[in-house]
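S.K.: Have a look at this one.
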Amino acid sequence: MSNDAISARGDLRLTRITKSYGDFNAVDDLTLTIPKGSFFALLGPSGCGKTTTLRMVAGLEEPTVGSIHLGDTDITTTRPYQRPINTVFQNYALFPHLTIFENIAFGLRRRGIKDVKEQVDKVLSLVELPHLAGRKPTQLSGGQQQRIALARAIVNRPALLLLDEPLGALDLKLRRQMQIELKWIQREVGLTFVHVTHDQEEAMTMADTIAVMNEGRIEQMGSPADLYDDPETAFVANFLGQSNLIKGKIEGNDGDNLVIDLFGQKISMPKKRSHAVDNSMYAGIRPEKFRISRTGTPTRGNTLTGGHIEDVSYIGVSTQYVVAMPWGQELMVFEQNDDGVAPFDKGDEVVISWEPTFTFGLRGDEDIEAGTEVNPEEPAEE
Amino acid sequence: MKIGKARVPYLLLLPGFAFLFTFFILPILNLAQTSTQTPVKGGDTGEYEQTFAFSNYINAFVDNKEQFGRSFVYATLATILALAIAYPLAYAIAFKSGKFKNILLVLVVAPFFTSFLLRTVAWKQILGEEGFIVPTLRSLHIISEQTTLTSTAFAVVAGMTYNFLPFMTLPLYASLERIDPRTIEASGDLYANGLTTFRRVTVPLSMPGVVAGTLLTFIPAAGDYVNAAILGSPNTKMIGNVIESRYFKIVDYPTAAALSFTLMAAILILVTLYIRKAGTEELV
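Line order of the protein sequences matches chains A and B.
Residue 45 in the numbering used here sits at position 45 of the first sequence; the count goes up by one each step and never skips.
One gets the numbering used here by counting positions in the second sequence from 1 and adding 1000 to each.
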């Protein structure tokens, strides 16, 4: 089987994977297909099981239950060194005793590849560091080490490249730059990338498809735009960006729309964007989708009246308002500073409105705090 | 009084320097002076005068070639044996011991709670006729009925291996423990099986420990005389035994001093060559 495994190609399929440590399920009945050639992100907070999932794919952990296939080959119990899978480790794990050249050549030499020098030189120019071949890893900056770790993995042209929080140790500016570079390199080499991160912005910038993980399960999977525009759970709504979730009751239908009562005020939203299972639901609206106007001025779309400005933060491109509503909830509103209108002041009586199609509906029994307590800038999980 | 900040490091170094100067540099100079002295004509035993007799060195070396050779052979054997025993031990403590790590480390240094001499004497018992090793080996026909283990080279090397084992184990453990487990995982990820990973990653990364451990074992072993005195015979005399008897029994200070210097120089040269070869300056 080992000889088959090393040349296996195709989609990665995880089927009903569970990984238990004692009574704790780090990964809980996870099923997932990652198409060949895609840039796939596993996104979630510390301890959500994303790194454990990655380690099972790499062969560093074995699933308690379930199977892993690469194409048609079962690799569930294949040893790491017999899998056509390479990893860019968190903190890079470069070999400190070897030169950069030998670090990159390591995988090629183990497989008895002939034109080592040519291939290493090629990948060093791909990551734009050919002048560093003779150095030791400790002589490199964090960003350079990151690229070498990437080069060391992609030089093997694996069926699957795993990236475990690869940018976590870099400062913000370098991280943004590397995100663009990684995306470019993935297109250039055409490999399947599976990227694990807790940084939602990083996942959204790079990945074609994101799977949001929470407590060992996948909450929702889709393109970055799908996840942001139409989150299916409160966790996704809060973990990817910010959301206003307002308790409501479905009153009835109006063609393709639902009529919803929010604390006595009626709004409507497209039926297909509601994930509620009964009459009880939460209406979700992203802060930048709200419009804000003085009480008494005309509005269009859905309208909620009776608010007053509680707090104003001017941040250049936009102004962030906290609007207190009559039922005691505070809503977050982002307004672009593009209309020359003077911002509102604290205490102003306002009306908020938005286009009905921007509304998403969540189940009424959701924990609306889910995913909010997570600090996206926290250090990467161990 | 205010002390300038720049002077603080020197002040901190002062006690150490003073100590080393008094108890290392001065005695060494004294030893160097003694090594070229000759007996006072018609004087008492132990009365020497400075004649710059550098021939002392040649005589001392020529007369004790055998003991010099033996010292280095025994020390080398003990070092190799200690490395062979300590590496798996340190590896197991560093990577496989889990919650028993600290207990095992205490056990490694536990022998130090008893005197060095006492432990060496104990080995005489262990390897003696009444010990369990000799009868066991005899009943298994590994050694003949006439063979004994005490007063042999085997006993001396075994004693030295045992006595210096912690000096080998601790630096090895320290350097193995420092290896980032992710580099081991990375090696597996890059198509290296367990054995290749050990050879290509674990061993090179533990080289600082190997170098430190072998030096800490070899240097004291080469100058040791306790093991040879207690566990050996006249046929297993090492250079340390010669120096000891020259000083305290024969009261031939110049020869003893010349031998000490020759031993020091020989160790220094060997260690320098070894470090060059092991290339520690390139290790991290």
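Every residue gets a Cβ at the ideal spot worked out from N, C-alpha and C, and that includes glycine.
Near K1124(B), what residues of its chain come up, given a Cβ to Cβ distance below 7 Å and the 5 sequence neighbours on each side ignored?
M.R.: Counting only Cβ-Cβ distances below 7 Å, and skipping sequence neighbours, we find T1150, I1230, L1231.
S.K.: Report the rounded CA-to-CA distance for G1159(B) versus T1120(B), giving the unit in angstroms.
M.R.: About 7 Å.
S.K.: Check the C-beta distance from L32(A) over to L14(A) and give it rounded, since I have them as a contact under 8 Å.
M.R.: Yes, they are in contact, since the Cβ atoms of L32(A) and L14(A) sit about 5 Å apart, within 8 Å.
S.K.: With DSSP collapsed to three states, give me the class of K1277(B).
M.R.: Correct three-state label for K1277(B): helix.
S.K.: Quick one: measure Cβ to Cβ for P326(A) and G284(A), integer angstroms, because I've assumed they're closer than 8 Å.
M.R.: Actually they are not in contact, since the Cβ atoms of P326(A) and G284(A) sit about 19 Å apart, beyond 8 Å.
S.K.: Cβ of Y282(A) less than 7 Å from any chain B Cβ?
M.R.: Output row for Y282(A): interface = no.
S.K.: Under a CB-based cut-off of 7 Å, is N86(A) close to chain B?
M.R.: True, the Cβ-Cβ gap to chain B drops below 7 Å.
S.K.: Going by beta carbon distance, what residues of the same chain come within less than 8 Å of F106(A), once the five residues before and after it are set aside?
M.R.: Closer than 8 Å at Cβ, skipping near neighbours: F95, L98, R152.
S.K.: Could you check whether T209(A) and L160(A) sit closer than 7 Å to each other, using their CB atoms as the reference points?
M.R.: Going by C-beta atoms, L160(A) is not nearer than 7 Å to T209(A).
S.K.: Just list the residues that DSSP pairs K19(A) with in beta bridges.
M.R.: V27(A), per the DSSP bridge assignment.
S.K.: Taking 8 Å as the threshold, find out whether the stretch 1206 to 1223 of chain B comes into contact with the stretch 1262 to 1276 of chain B through three or more Cβ pairs.
M.R.: Touching, per the Cβ criterion.
S.K.: Could you tell me which of Y314(A), N91(A), V350(A) sits nearest to E330(A), measuring between CA atoms?
M.R.: E330(A) has its Cα closest to that of V350(A), out of Y314(A), N91(A), V350(A).
S.K.: Checking contacts by CB at 7 Å: is F1017(B) closer than that to chain A?
M.R.: It does not: the Cβ of F1017(B) has no partner Cβ on chain A nearer than 7 Å.
S.K.: When you compare each of L170(A), V196(A), E215(A), S20(A) to S141(A) by their alpha carbons, which one comes out closest?
M.R.: Of the listed residues, the one whose Cα sits closest to S141(A) is L170(A).
S.K.: Between A1192(B) and the rest of its own chain, which residues show a CB-CB distance below 8 Å, the 5 nearest in sequence each way excluded?
M.R.: Same-chain partners within the cutoff: R1200, V1201.
S.K.: By the criterion of Cβ-Cβ separation under 9 Å, what are the contact partners of L1205(B) in chain A?
M.R.: What L1205(B) touches in chain A: F95, P96, H97.
S.K.: For T1272(B), count neighbouring Cβ atoms within 10 angstroms of its own Cβ and tell me buried if that reaches 16, exposed if not.
M.R.: It is exposed - the Cβ of T1272(B) has fewer than 16 other Cβ atoms within 10 Å.
S.K.: Would a C-beta distance cut-off of 7 Å place S1179(B) and L1216(B) closer than the cut-off?
M.R.: Just to set this straight, residue 1179(B) is Ile in the shown sequence, not Ser. No.
S.K.: Tell me, please, whether the CB atom of L60(A) is closer than 7 Å to any CB atom in chain B?
M.R.: L60(A) counts as touching chain B.
S.K.: Please identify the residue among K1249(B), L1259(B), N1235(B) whose C-alpha is closest to the C-alpha of R1070(B).
M.R.: The shortest Cα separation from R1070(B) among K1249(B), L1259(B), N1235(B) belongs to N1235(B).
S.K.: Please give the ranges of any alpha helix (DSSP H) in the stretch 159 to 246 of chain A, keeping only runs that are unbroken, at least 4 residues long and fully inside the region.
M.R.: Complete alpha helix (DSSP H) runs here, min 4: 172 to 189, 200 to 206, 224 to 229, 234 to 239.
S.K.: Please list, in chain order, all residues of the same chain as E1177(B) whose beta carbon is under 7 Å from its beta carbon, the five residues on each side excluded.
M.R.: A1094.
S.K.: Which of helix, strand or coil does DSSP assign to L258(A)?
M.R.: In the structure shown, L258(A) sits in a strand (DSSP, three-state: E or B).
S.K.: Taking 7 Å as the CB-CB cut-off, is F89(A) touching chain B?
M.R.: Output row for F89(A): interface = yes.
S.K.: Taking the beta carbon of L162(A) as the centre, do at least 16 other beta carbons fall within 10 Å, making it buried, or is it exposed?
M.R.: The residue is buried, with at least 16 neighbouring Cβ atoms inside 10 Å.
S.K.: Taking 8 Å as the cut-off, does the stretch 61 to 81 of chain A touch the stretch 11 to 26 of chain A (at least 3 CB pairs, one atom from each stretch)?
M.R.: Enough Cβ pairs lie closer than 8 Å, so yes.
S.K.: Less than 7 Å between C-beta atoms, sequence neighbours within five positions excluded: which residues of the same chain meet that for K247(A)?
M.R.: Y282, listed in sequence order.
S.K.: Keeping to the same chain, check which residues put their C-beta closer than 8 Å to that of K183(A); ignore five residues upstream and five downstream.
M.R.: So the list reads F39, T205, M206, once near-sequence residues are dropped.
S.K.: Classify L1028(B): buried if its beta carbon has 16 or more other beta carbons within 10 angstroms, exposed otherwise.
M.R.: The sequence as given places Ile at residue 1028(B); Leu does not occur at that position. Answer is exposed; the Cβ neighbour count stays below 16.
S.K.: Within 7 Å (strictly less), CB to CB, does L1011(B) reach chain A?
M.R.: Not an interface residue.
S.K.: Within 7 Å (strictly less), CB to CB, does Y81(A) reach chain B?
M.R.: Yes, contact with chain B.
S.K.: Please classify L1031(B): does DSSP put it in a helix, a strand, or coil?
M.R.: It is helical.
S.K.: Could you round the C-beta distance between I292(A) and V333(A) to whole angstroms and report it? I think they count as a contact, below 8 Å.
M.R.: Yes, I292(A) and V333(A) are in contact; Cβ-Cβ is about 5 Å, under 8 Å.
S.K.: Can you find a C-beta in chain A that's less than 7 Å from the C-beta of D1189(B)?
M.R.: With 7 Å as the cut-off, D1189(B) counts as an interface residue toward chain A.
S.K.: With a cut-off of 7 Å, does the C-beta of Q242(A) fall near any C-beta of chain B?
M.R.: No, Q242(A) does not count as interfacial toward chain B.
S.K.: If you drop the 5 nearest sequence neighbours on each side, which residues of the same chain put their C-beta closer than 6 Å to that of P130(A)?
M.R.: Only L124 meet the Cβ criterion.
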